[in-house]
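*Asks:* Here it is, the structure in full.
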Amino acid sequence: MSIIKSVTLEEEIKKNPQLKLSDVQLLKEWCKKQSHLPKVEDSFLALFLHSNYYQIEPTKITIENYYTIRTHLPEIFCNRDPLTEKELRQIFKDIALIRLNGTTKEGYKIIYGKLVNTDSSHYVFTAHLKYSMMLLDLCFLMDGTNNGYTFIADGSKISFGHATRMNPLLLKKSLHYIQEAAPIRLKGLHYINVSPAAEFIMNLAKPFMKKEIIDLVDICKIFNATVLLRKQIFLHQL
1 MSIIKSVTLE EEIKKNPQLK LSDVQLLKEW CKKQSHLPKV EDSFLALFLH
51 SNYYQIEPTK ITIENYYTIR THLPEIFCNR DPLTEKELRQ IFKDIALIRL
101 NGTTKEGYKI IYGKLVNTDS SHYVFTAHLK YSMMLLDLCF LMDGTNNGYT
151 FIADGSKISF GHATRMNPLL LKKSLHYIQE AAPIRLKGLH YINVSPAAEF
201 IMNLAKPFMK KEIIDLVDIC KIFNATVLLR KQIFLHQL
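Residues 1 to 238 (the UniProt record's numbering) are what the sequence shown spells out, left to right.
In structure tokens, the structure reads:
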């Protein structure tokens, strides 16, 4: 029996006046005709619709991208059992990655991340990405549709030792997934307490980011972090 209670389609319809059962049914029939797609739950179809602001054709593209990209990225989306994956168990110790209770002033949910182990010799970039995507998958199941997500990353403990362990190609592929396939409304990307190494990583990622995503990015040095947090979120959430 599952210990995670996912949001039902009935719950989604109640909280989203724009969500039409006929649109969900239309997508369901379309999915059945795509032999390469698995069975998609109605509540997940609602999530895809919501992330695309209830536009049918863009939603179809996102669904197609979601399953195709995940199939072609086994490094991130396969072998996710911590009991058998040593690198996952290690990354759980090295990184704090959580969805905070409450929301920003605008009603956006908050995902907060911070490196807690400064020893870069233990850091595995692939495991970091896998952990991040696992958390997102949990958010999709537990939160369902919502106003959007703001990501806050504390870069104070990131060193160039961590940066050298990154794989630019895998970074590009994971960003492509987030931008083109994940059923999510991105509302903010805030990087606080940014070290020189963290800034280097951001500059490495920017060529792989669409303009509308780059426009969401706020990079704050140490002395500006508190100011940003007062402006953007409720400080008690941290």
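Backbone N, C-alpha and C define an ideal beta-carbon position, used for all residues, glycine too.
Output needed for Asn146: all residues of its chain with C-beta closer than 6 Å, excluding positions within five of it in sequence on either side, in chain order.
*Replies:* Lys109
*Asks:* So which of His190, Leu204, Met209, Phe208 has the shortest CA-CA distance to residue 241?
*Replies:* This structure gives no information on residue 241, because the portion of the chain shown stretches from 1 to 238.
*Asks:* Indicate the three-state DSSP secondary structure (helix, strand or coil) for Leu83 in the structure shown.
*Replies:* Note: Leu83 maps to coil in three-state DSSP.
*Asks:* Determine the contact status of Tyr131 and Lys187, defining contact as a CB-CB distance below 8 Å.
*Replies:* no
*Asks:* Could you tell me the alpha carbon to alpha carbon distance between Arg70 and Asn193, rounded to whole angstroms?
*Replies:* C-alpha of Arg70 to C-alpha of Asn193: approximately 32 Å in a straight line.
*Asks:* In terms of alpha-carbon separation, which member of Ile95, Glu85, Leu115 lies closest to Lys157?
*Replies:* Ranking Ile95, Glu85, Leu115 by Cα distance to Lys157 puts Leu115 first.
*Asks:* The beta strand (DSSP E) that contains Leu100, what's its start and end?
*Replies:* 95-103
*Asks:* Using 8 Å as the Cβ pair cut-off and three pairs as the minimum, do the segment 18-31 and the segment 56-65 touch?
*Replies:* A contact exists between the segment 18-31 and the segment 56-65.
*Asks:* Would you check if the distance between the CB atom of residue 239 and the CB atom of Ile111 is smaller than 8 Å?
*Replies:* For residue 239 there is no data in the structure shown, the boundaries of the chain being 1 and 238.
*Asks:* Please go through the UniProt domain "CRAL-TRIO" (100-221) and give each complete beta strand (DSSP E) segment of 3 or more residues, from N-terminal end onward.
*Replies:* 109-115, 149-154, 186-192, 217-219
*Asks:* Within 10 Å of its beta-carbon, does His50 have 16 or more other beta-carbons around it, so buried, or fewer, so exposed?
*Replies:* buried
*Asks:* Between the alpha carbons of Leu170 and Asp154, how many angstroms are there, rounded?
*Replies:* 21 Å
*Asks:* Report the rounded CA-to-CA distance for Leu129 versus Phe200, giving the unit in angstroms.
*Replies:* 18 Å
*Asks:* Measuring alpha carbon to alpha carbon, tell me which residue in Leu204, Asp143, Ile91 is nearest Ile172.
*Replies:* The displayed chain sequence assigns Lys, not Ile, to residue 172. Looking at the Cα atoms, Leu204 is the closest of the given residues.
*Asks:* Less than 7 Å between C-beta atoms, sequence neighbours within five positions excluded: which residues of the same chain meet that for Leu21?
*Replies:* Ile13
*Asks:* Which of the three DSSP states is assigned to His72 in this structure?
*Replies:* coil
*Asks:* Just to confirm, is the Cβ distance from Leu73 to Pro82 under 8 Å?
*Replies:* Here Leu73 is not near Pro82, since their CB atoms are 8 Å or more apart.
*Asks:* With a cut-off of 8 Å on the beta carbons, I'd call Ala197 and Phe160 a contact; round off their distance for me.
*Replies:* For Ala197 against Phe160, the beta-carbon gap comes to about 5 Å, under 8 Å, which counts as contact.
*Asks:* State the start and end residues of the unbroken alpha helix (DSSP H) segment that holds Lys33.
*Replies:* Boundaries of the alpha helix (DSSP H) harbouring Lys33: 21-33, taken from the DSSP string.
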